[in-house]
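Following: one structure in structure tokens, then a few remarks.
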Amino acid sequence: MKVYRTDEIRNVVLLGHGGCGKTSLVEAMAYVSGATTRMGKVTDKNTISDFDKEEQKREFSISTTLVPIEWEKAKINVLDTPGYFDFVGEVEEAVSVADAAVIVVSGKAGVEVGTEKAWELCDKYNLPRMVYVTEMDVDDASFRQVVQDLTDRYGKVIAPHFQPIRENEKLVGYVNVIKNAGRRYTGIGQREECEIPDYCKPNLEIYREKLLEAVAETSDEFMERYFAGEEFSVEEIRAAMRTEVMEGSIVPVAMGSNLQAQGVANLLSDIVRFFPSPDWRECAGINRKTNEIYEANYDFAKAKSAYVFKTMVDPFIGKYSFIKVCSGVLKGDDVLYNADSEADEKLGKIYTMIGNKPVEVSELFAGDIGAIGKLANTKTGDTLSTKTTPILYGKTEYSKPYTYMRYVTKNKGDEDKVSQALQRMMAEDVTLKAVNDSENRQSLIYGMGDQHLEVAVSKLAERYKCEVTLETPKVAFRETIKKKSDVDTKYKKQSGGHGQYGHVKMTFEPSGDLESPYVFEETVVGGAVPKNYFPAVEKGLQESVQRGPLAGYPVVGVKATLYDGSYHPVDSSEMAFKTATIQAFKKGFMEAAPILLEPIASIKVVVPDDYTGDVMGDLNKRRGRVLGMNPVAGGKQEIVADIPMTGLFGYCTVLRSMTGGRGTYSYEFVRYEQAPSDVQEAEIKKRAEEDA
Numbered sequence: 001m002k003v004y005r006t007d008e009i010r011n012v013v014l015l016g017h018g019g020c021g022k023t024s025l026v027e028a029m030a031y032v033s034g035a036t037t038r039m040g041k042v043t044d045k046n047t048i049s050d051f052d053k054e055e056q057k058r059e060f061s062i063s064t065t066l067v068p069i070e071w072e073k074a075k076i077n078v079l080d081t082p083g084y085f086d087f088v089g090e091v092e093e094a095v096s097v098a099d100a101a102v103i104v105v106s107g108k109a110g111v112e113v114g115t116e117k118a119w120e121l122c123d124k125y126n127l128p129r130m131v132y133v134t135e136m137d138v139d140d141a142s143f144r145q146v147v148q149d150l151t152d153r154y155g156k157v158i159a160p161h162f163q164p165i166r167e168n169e170k171l172v173g174y175v176n177v178i179k180n181a182g183r184r185y186t187g188i189g190q191r192e193e194c195e196i197p198d199y200c201k202p203n204l205e206i207y208r209e210k211l212l213e214a215v216a217e218t219s220d221e222f223m224e225r226y227f228a229g230e231e232f233s234v235e236e237i238r239a240a241m242r243t244e245v246m247e248g249s250i251v252p253v254a255m256g257s258n259l260q261a262q263g264v265a266n267l268l269s270d271i272v273r274f275f276p277s278p279d280w281r282e283c284a285g286i287n288r289k290t291n292e293i294y295e296a297n298y299d300f301a302k303a304k305s306a307y308v309f310k311t312m313v314d315p316f317i318g319k320y321s322f323i324k325v326c327s328g329v330l331k332g333d334d335v336l337y338n339a340d341s342e343a344d345e346k347l348g349k350i351y352t353m354i355g356n357k358p359v360e361v362s363e364l365f366a367g368d369i370g371a372i373g374k375l376a377n378t379k380t381g382d383t384l385s386t387k388t389t390p391i392l393y394g395k396t397e398y399s400k401p402y403t404y405m406r407y408v409t410k411n412k413g414d415e416d417k418v419s420q421a422l423q424r425m426m427a428e429d430v431t432l433k434a435v436n437d438s439e440n441r442q443s444l445i446y447g448m449g450d451q452h453l454e455v456a457v458s459k460l461a462e463r464y465k466c467e468v469t470l471e472t473p474k475v476a477f478r479e480t481i482k483k484k485s486d487v488d489t490k491y492k493k494q495s496g497g498h499g500q501y502g503h504v505k506m507t508f509e510p511s512g513d514l515e516s517p518y519v520f521e522e523t524v525v526g527g528a529v530p531k532n533y534f535p536a537v538e539k540g541l542q543e544s545v546q547r548g549p550l551a552g553y554p555v556v557g558v559k560a561t562l563y564d565g566s567y568h569p570v571d572s573s574e575m576a577f578k579t580a581t582i583q584a585f586k587k588g589f590m591e592a593a594p595i596l597l598e599p600i601a602s603i604k605v606v607v608p609d610d611y612t613g614d615v616m617g618d619l620n621k622r623r624g625r626v627l628g629m630n631p632v633a634g635g636k637q638e639i640v641a642d643i644p645m646t647g648l649f650g651y652c653t654v655l656r657s658m659t660g661g662r663g664t665y666s667y668e669f670v671r672y673e674q675a676p677s678d679v680q681e682a683e684i685k686k687r688a689e690e691d692a
């Protein structure tokens, strides 16, 4: 592939609801542009984007794919993203390096939750956008309805500049609203002029009026001409549209059919015409040497620097770090400095990736997206720059994973193998986390939802030949006491030679501090227990509080006081006093009204107004206490509640189905509270069965 200058590059992310046709649109783009000679299909498992076995098996995208398309002397780096919410980390990676977005909407399914989320992401990253309506070859698709729904939701920024010509429920051509002319398809990617059918004219007038009004608003001169009834030239309309698209005050709406590759050539031309090149956007980091702001701004004349936005780890083709060049021109023989890991990295070869196929290029200009193989000390989020100008760019903000399960290896001895495989998968997927919970002796895996975890387990088996099962995790309960107890415990053992003798009299009561396991005091008088045995008594306490006598959970909030006892001048030892204390603790704890404490999380659920009643009702069912509601931008409410951690299992799936995927939540642990008696009994019974 030839080298492109910064002004010839367009970095475009495809966003939209799962199943709206993003991957098949990439196929059509590659075919129309001549990058491939035949179009793959998702159902045939032969698309450029969905090359992973998991994606082919499930017939939807799981990770972001880069596919560069050459069109009209420009290079369009198309980033094809997953539409399902469990893989939002991949979308966030792509959006962080895109300069514009095409929001793909199915003409049949219409505006969906994924469309709304795509729009919100574009707002967050300040991306110019365009809407492309797919499936116009399907008989019950409605372009007019999609345009109406978009206009109702987002107002007068929506500006359709193509209109379908349909005959017998089939897409046979289109009207170019800018040119006010009809075109009929004659073959794949080919068309000829035709008359505008009468049935298209009423809608055409509305669309054209809308477009001209938007154009008129770009300058006072245009406004005067518009009111004077003067016509604008095609060039004037396009120039004005480019300005407005880049400012976000117009969102063009195009349409076509991916399977027939109709409307795709127009879309590619619009991307080149209306979308900005990278140097239009600002890009700044920190110069580590001077601690000053370094304005890279995708200027190829400045010192070399690049941001690593994604990592691909494939057991067969190795590791690739995907980069966006922020300044300068990268060449294959460069040695760059990683300011995050403070290590030098020799680039070797640089590539552009077409799906999972690396294509070598001699250099990458500022603003271009490419990949570098086998960087040992570099991970997602790192910055590569020169040692003389060491730069650090801000890291992308990713959604935090809140859904977690316990994983258990199927084959004994596979623990290390699974751990290494998960490390590789976490290098690739920033929203996947593996955590070792030593307190409950379990391994946990965190993801964005149940489907995300299911895919991770499937990948472990398929790619790394490690089988694990997912189970409900144990919750970190705690044990404490509510009353005071007084115990007298003697440990005495005679077994030839020296015996064992330790005698303690102790009280146990609540300390009032649930942060600390125990508080130890001694009030022994007259040397009934010699001072040198006090540390042994405390050691006995330390050991006892790790697994409480009630259900084997760690103990908190106990005050232990040693007030008396006795010793034997020959048989007493540290070991004897430690053992006596352990026995005293078990007895004293169980006599002091022991209770289980359950962990409580503070949860924030953000949902559209319409769903607040359902969500609050469900939180109550999960023993949650709603503390209040705060209005959030976009007609949403944030519900704040306290909820037991046990009530969070499966919450992600329930919230999504309850809110049609519109609800999001986050939580953090805040404190421990006494568990209700039924929960306590069930937990004690469960632990007894486990230990049996």
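Using UniProt numbering, you'd call the opening residue of the sequence shown number 1 and step up by one each time.
All residues carry an ideal CB built from backbone N, CA and C; glycine is no exception.
Predicted, not measured: the structure shown is a model, and the values here were computed from it.
Query raised in the report: Grouping DSSP H, G and I as helix and E and B as strand, with all else coil, what is residue 684?
Result: Taking the first residue of the sequence shown as position 1, residue 684 is located at position 684. Residue state, collapsed to three classes: helix.
Requested in this report: Using beta-carbon positions only, say whether residue 607 and residue 562 come within less than 8 Å of one another.
Outcome: Taking the first residue of the sequence shown as position 1, residue 607 is located at position 607. Taking the first residue of the sequence shown as position 1, residue 562 is located at position 562. Against a cut-off of 8 Å, the Cβ pair of residue 562 and residue 607 comes out as no contact.
Report task. Can you give me the Cβ contacts of residue 284 inside the same chain, cut-off strictly under 7 Å, excluding the 5 residues immediately before and after it? Result -> Here residue 284 refers to the residue found at position 284 when the sequence shown is read from its first residue. Cβ neighbours of residue 284 beyond the five flanking positions: 293, 294, 295 and 296.
Query raised in the report: Taking just the CA atoms, how far does residue 31 sit from residue 52?
Result: Within the sequence shown, the letter at position 52 stands for residue 52. Within the sequence shown, the letter at position 31 stands for residue 31. Rounded to the nearest angstrom, the two C-alpha atoms are 21 Å apart.
Query raised in the report: Are three or more beta carbon pairs between the stretch 199-218 and the stretch 226-233 nearer than 8 Å?
Result: The answer is yes - the stretch 226-233 touches the stretch 199-218, with three or more Cβ pairs under 8 Å.
Requested in this report: Take every Cβ of the stretch 571-590, pair it with every Cβ of the stretch 648-663, and state whether three or more of those distances are shorter than 8 Å.
Outcome: No, the stretch 571-590 is not in contact with the stretch 648-663.
**Report entry** Delimiting residues of the beta strand (DSSP E) encompassing residue 371
**Finding:** As a first step, residue 371 must be located in the sequence shown, where it is residue number 371. Segment 369-373, the beta strand (DSSP E) holding residue 371.
Query raised in the report: Opposite residue 631 in the DSSP bridges: which residues?
Result: Along the sequence shown, one-based indexing puts residue 631 at 631. Checking the DSSP bridge columns, you'll see residue 631 partnered with 637.
Report task. Could you check how far apart the C-beta atoms of residue 596 and residue 477 are, in whole angstroms? I think they sit under 8 Å. Result -> As a first step, residue 596 is located in the sequence shown; it is residue number 596 there, counting from the start. As a first step, residue 477 is located in the sequence shown; it is residue number 477 there, counting from the start. Taking the Cβ atoms as the reference, residue 596 lies roughly 5 Å from residue 477, within the contact range of under 8 Å.
Query raised in the report: With contact counted as at least three CB pairs below 8 Å, one residue from each stretch, are the stretch 251-269 and the stretch 123-135 in contact?
Result: At 8 Å Cβ cutoff, the stretches touch.
Query raised in the report: Unbroken beta strand (DSSP E) runs of length 3 or more, entirely within the stretch 508-575: which are they?
Result: DSSP runs (the beta strand (DSSP E)) wholly in the stretch 508-575: 518-522 and 558-566.
Query raised in the report: Helix or strand or just coil, what does DSSP make of residue 669?
Result: Walking along the sequence shown from the start, residue 669 turns up at place 669. Reduced to three states, the DSSP call for residue 669 is strand.
Query raised in the report: With 16 other CB atoms within 10 Å as the buried threshold, where does residue 628 fall?
Result: To locate residue 628, count along the sequence shown from 1; it is residue 628. Residue 628 should be labelled exposed.
Report task. Could you tell me which residues DSSP pairs with residue 89 in its beta bridges? Result -> Against the sequence shown, residue 89 aligns to sequence position 89. None; residue 89 has no bridge partner.
Query - Alpha-carbon to alpha-carbon, residue 684 and residue 533 - result: What you label residue 533 is simply residue 533 of the sequence shown in a count that begins at 1. What you label residue 684 is simply residue 684 of the sequence shown in a count that begins at 1. Rounded to the nearest whole angstrom, the C-alpha separation of residue 533 and residue 684 is 34 Å.
Query raised in the report: Between which two residues does the alpha helix (DSSP H) harbouring residue 269 extend?
Result: Walking along the sequence shown from the start, residue 269 turns up at place 269. Here the alpha helix (DSSP H) through residue 269 covers 264-274.
Query raised in the report: Can you name, in chain order, every residue of its own chain whose Cβ lies under 6 Å from the Cβ of residue 409, other than the five neighbours on each side?
Result: On the sequence shown, residue 409 is found 409 positions in, with the first residue counted as 1. Same-chain partners within the cutoff: 415, 418 and 468.
Query - Those residues which DSSP pairs with residue 660 across a bridge - result: To locate residue 660, count along the sequence shown from 1; it is residue 660. Beta-bridge pairing links residue 660 to no other residue.
**Report entry** Limits of the unbroken alpha helix (DSSP H) element including residue 619
**Finding:** Position 619 of the sequence shown, counting from 1, holds the residue named residue 619. Its alpha helix (DSSP H) spans residues 612-621.
**Report entry** CA-to-CA distance, residue 328 to residue 383, given in whole angstroms
**Finding:** Here residue 383 corresponds to residue number 383 of the sequence shown, with the count starting at 1. Here residue 328 corresponds to residue number 328 of the sequence shown, with the count starting at 1. C-alpha separation (whole angstroms): 14 Å.
Query - Touch test, the stretch 434-447 against the stretch 478-492, Cβ-Cβ under 8 Å, three pairs minimum - result: Flag = no, the stretch 434-447 and the stretch 478-492 do not touch.
Query - Minimum C-alpha distance to residue 642 - residue among 663, 676, 657 and 603 - result: Translated into the one-based positions of the sequence shown, residue 642 becomes position 642. Looking from the CA of residue 642, the closest CA among 663, 676, 657 and 603 belongs to 603.
Query - DSSP three-state assignment for residue 653, whether helix, strand or coil - result: Walking along the sequence shown from the start, residue 653 turns up at place 653. Residue state for residue 653 is assigned as helix, using DSSP reduced to three classes.
Query raised in the report: Which residues in the same chain have their Cβ closer than 7 Å to the Cβ of residue 404, if we skip the five residues on either side of it in sequence?
Result: Looking up residue 404 in the sequence shown gives position 404. Within the same chain, residue 404 has close Cβ partners 444, 445, 446 and 473.
**Report entry** Alpha-carbon to alpha-carbon, residue 638 and residue 579
**Finding:** Position 579 of the sequence shown holds residue 579. Position 638 of the sequence shown holds residue 638. Rounded to the nearest whole angstrom, the CA to CA distance from residue 579 to residue 638 is 53 Å.
Requested in this report: Only counting runs of 3 or more residues, tell me where the beta strand (DSSP E) segments fall wholly within the stretch 384-417, in order along the chain.
Outcome: Segments of the beta strand (DSSP E) lying fully in the stretch 384-417: 391-393 and 403-409.
Query raised in the report: From 70, 114 and 119, pick the residue whose C-alpha is nearest to that of residue 82; which is it?
Result: As a working note, residue 82 is residue 82 in the sequence shown. Selection 70, 114 and 119 evaluated against residue 82 yields 114 as nearest (Cα-Cα).
Query - Contact check, residue 392 vs residue 288, beta carbons under 8 Å - result: As a first step, residue 392 must be located in the sequence shown, where it is residue number 392. As a first step, residue 288 must be located in the sequence shown, where it is residue number 288. Against a cut-off of 8 Å, the Cβ pair of residue 288 and residue 392 comes out as a contact.
**Report entry** Rounded C-alpha distance that separates residue 647 from residue 675
**Finding:** Taking the sequence shown and counting its residues from 1, the one referred to as residue 647 is at position 647. Taking the sequence shown and counting its residues from 1, the one referred to as residue 675 is at position 675. It is roughly 12 Å from the alpha-carbon of residue 647 to the alpha-carbon of residue 675.
Requested in this report: Out of 365, 309, 180 and 359, state which residue places its alpha-carbon closest to the alpha-carbon of residue 7.
Outcome: One-based indexing of the sequence shown puts residue 7 at position 7. For the residues 365, 309, 180 and 359, the minimum Cα distance to residue 7 belongs to 365.
Requested in this report: Tell me whether the beta-carbon of residue 104 lies closer than 8 Å to the beta-carbon of residue 45.
Outcome: Reading the sequence shown from its first residue, position 104 is the one you call residue 104. Reading the sequence shown from its first residue, position 45 is the one you call residue 45. No, the pair does not count as a contact, with Cβ atoms beyond the cut-off.
Query - Ranges of the beta strand (DSSP E) found wholly within the stretch 412-460, counting only runs of at least 3 - result: Counting whole runs of 3 or more residues, the stretch 412-460 contains the beta strand (DSSP E) stretches 433-437 and 442-447.
Query raised in the report: Taking the continuous alpha helix (DSSP H) assigned at residue 203, which residues delimit it?
Result: Here residue 203 refers to the residue found at position 203 of the sequence shown. DSSP places residue 203 in the uninterrupted alpha helix (DSSP H) bounded by 201-216.
Report task. Provide the residue span of the beta strand (DSSP E) that contains residue 103, from first to last. Result -> Residue mapping note: residue 103 aligns to position 103 of the sequence shown, counting from 1. DSSP places residue 103 in the uninterrupted beta strand (DSSP E) bounded by 100-106.
Query raised in the report: Between the stretch 58-69 and the stretch 36-50, do three or more beta carbon pairs fall short of 8 Å?
Result: At 8 Å Cβ cutoff, the stretches touch.
Query - Best match in 331, 432, 413 and 396 for proximity to residue 385 [C-alpha to C-alpha] - result: By 1-based counting over the sequence shown, the position of residue 385 is 385. The residue with the shortest Cα to Cα distance from residue 385 is 331.
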